[in-house]
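So the structure is just underneath, and the comments pick up after that.
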Amino acid sequence: MESSKLRRQIAWEAARLMYDRQESEYFRAKQKAARRYCRGWTSPADLPSNAEIRDQIQLFARLHEGDQRTVNLQTMRLAVLQMMRLMARFRPRLIGSVLTGHVRQGSDIDLHLFSNSMQAVTGVLDQQGLVYDVERKQVRKNGQEQVFRHVHVAAEHPLELTVYGAAEANFVFKSSITGKAIERVSIAELEQLLQLEYPNLDLEHALAEAQGRVDRFQLFEVLLLPLENVMQARQHHPEGDALYHSLQVFDLACDVLPYDEEFLTAALLHDVGKGIDRSDHVAAGLEALEGVISDRTHWLIENHMLAHCIADGSIGKRRLRRLKESESFDELVLLGECDRAGRQPGVEAPELEEAIAYLRDLSAMCG
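In terms of my numbering, the sequence shown is numbered consecutively and its last residue is 665.
Written out as C-alpha cells, the structure reads:
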C-alpha cells in the first residue's frame, strides 16, 4: 500500500478509536490502528503524528457535533475562568483542548495548579460545596518514577486539576502532541482571549449568569440524600429506606435501557418527593425538580404510580387509553417493573455517587 495512504488510514482509525473513547492515549490508538491495516512490521514513517490524529478527531467532532461544539467551547471557557479565579492563589494555568479550541463531546477541562499542599487546594473546593475525588498516579518514564496529583471535579463540564509543587510554576512542560512547550495561559491571559474571540460578550455578566445556573446533578444528589432516613412500610418495601430502593431501581433500569438518560433519571428520582412530603410525594418531587428535568422524565415520574395500576389491571380504560397515547408508554411500564423489582433486602446496589456519576458521564457522552 502507498505509504501516504497507509498513514492516512492509520490516522483515521486511531482518531476513530479516540473519538469513540475506546482509547485515550495516542500511542495505544496508533498501535491498534496499525495492527488493523498492517499485518506485519510497520515503519515509523508510516505512523501519523499525534497532531495528525488530533486534527482527524476534530474533523469527526465537526461532522457529528456541528455548531454545538462552539457553544460548548464558550461555556467551558467561562467555567474554567470561574475555577481559575477561585484558585488564584495557586497560580492556575489553563492548558489543553479548551485553550486551543480542540474540544468535542465529553472533553474535560485541564488546569495546572501549583501548591505544596493538596489539602489547601481541596479546602477551596470544599468551601464551594463542589464534588471531587483525588487521584495519585505513579508514572515511570526514562527510568524515573514520578507521582502526579490530580483532582477530578464533577461539574457540567468536568475539570481535571493537576497539582504540581509550588517551585514548578515556571517549569516548561512539553506537549505530547507537538513535542514543543505546552500552550498555557494565566487568568489575565484567558480574559484577554475571551475578549478577543467573543467581542460582543459581556464577560462579567456571562460569568454571573453561569454561576447562577444550577448543576442539575448536584441538585439530584441533594434531593436524594434525605431518602436515606425515609423508612418505608415493610409490607410494601421490605428492603428498607427509600434511598436504597431508588438505587436498586436505578440499577435495574440500567440493565434494560443503559443509554436512555431521561428514563434512568426518572428511575433514580421517582421517589425524591418522599423526603419532602410523603403524603403526596409525586407532586412534591416534581415541584422540586421543576426546570431541571426534561418533559419526558417529568411525565415518567408523574405517572410512575399508575404503572402499578397498569400491572394489576386496576386502571380505568379511559386513563389507560390516554397513557398509551404517549410515545413513552412502554418505558413507563418498564419503570413500573423496575420499581416493583427494586425492593429486595440485602441485594447489591450502586452508591449514590456512582449513580450520579453514571448520569453525568452519560450526559457528557451523548450531549
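C-beta: ideal position from N, C-alpha, C; glycine also.
Taking each of ILE308, LEU630, LEU587 and GLN380 in turn and checking the Cα distance to VAL570, the smallest one comes out for LEU587.
A straight-line Cα-Cα distance of about 45 Å links TYR430 and ARG617.
Restricting attention to LEU545, SER415 and GLN354, the CA atom closest to the CA of ALA647 is found in LEU545. An exposed status is given to GLY589, since fewer than 16 other beta-carbon atoms sit within 10 Å of its beta-carbon. With 16 or more other CB atoms across the displayed protein chains lying within 10 angstroms of its CB, GLY573 is buried. With 16 or more other Cβ atoms inside 10 Å of its own Cβ, MET385 counts as buried. Under DSSP, PHE446 shares a beta bridge with LYS435. About 14 Å separates the beta carbon of ARG482 from that of LEU379, a gap too long to meet the 8 Å contact definition.
If you check the CB distance, ASP406 and GLU458 come in under 7 Å. Bounds of any alpha helix (DSSP H) do not take in TYR557, whose DSSP letter is neither H nor E. Beta-carbon to beta-carbon, TYR496 and ARG402 are separated by about 20 Å, too far to satisfy the 8 Å threshold. With 16 or more other CB atoms across the displayed protein chains lying within 10 angstroms of its CB, ARG352 is buried. For GLN307 and TYR335, the gap between their C-alpha atoms comes out near 8 Å.
By the neighbour-count definition (other C-beta atoms within 10 Å, threshold 16), GLN425 is an exposed residue.
Residue pairing by DSSP places LYS615 in no beta bridge whatsoever. The region 639–657 makes contact with the region 548–561: 3 or more CB pairs, one atom from each, lie closer than 8 Å. The Cβ atoms of LEU541 and GLU526 sit closer than 7 Å to each other. Under the criterion of beta carbons closer than 8 Å, LEU555 and LEU562 qualify as touching, at roughly 7 Å. A distance below 6 Å between beta-carbons, with the five flanking residues on each side excluded, links VAL451 to the following residues of its chain, in chain order: LEU428, TYR430 and LEU457. Going by beta carbons, HIS596 and GLY634 fall outside the 7 Å limit. Taking a contact as a CB-CB distance under 8 Å, the pair ILE480 and PHE471 counts as one, their CB atoms being some 4 Å apart. Sequence-distant Cβ neighbours of SER661 in its own chain, meaning closer than 7 Å and more than five residues away, are GLU559.
Non-local beta-carbon contacts of ASN601 in its own chain, meaning distances under 8 Å to residues more than five positions away in sequence, involve LEU621 and LEU630 in chain order. When LEU371, THR420 and HIS410 are compared, the shortest CA-CA separation from HIS400 is found for LEU371.
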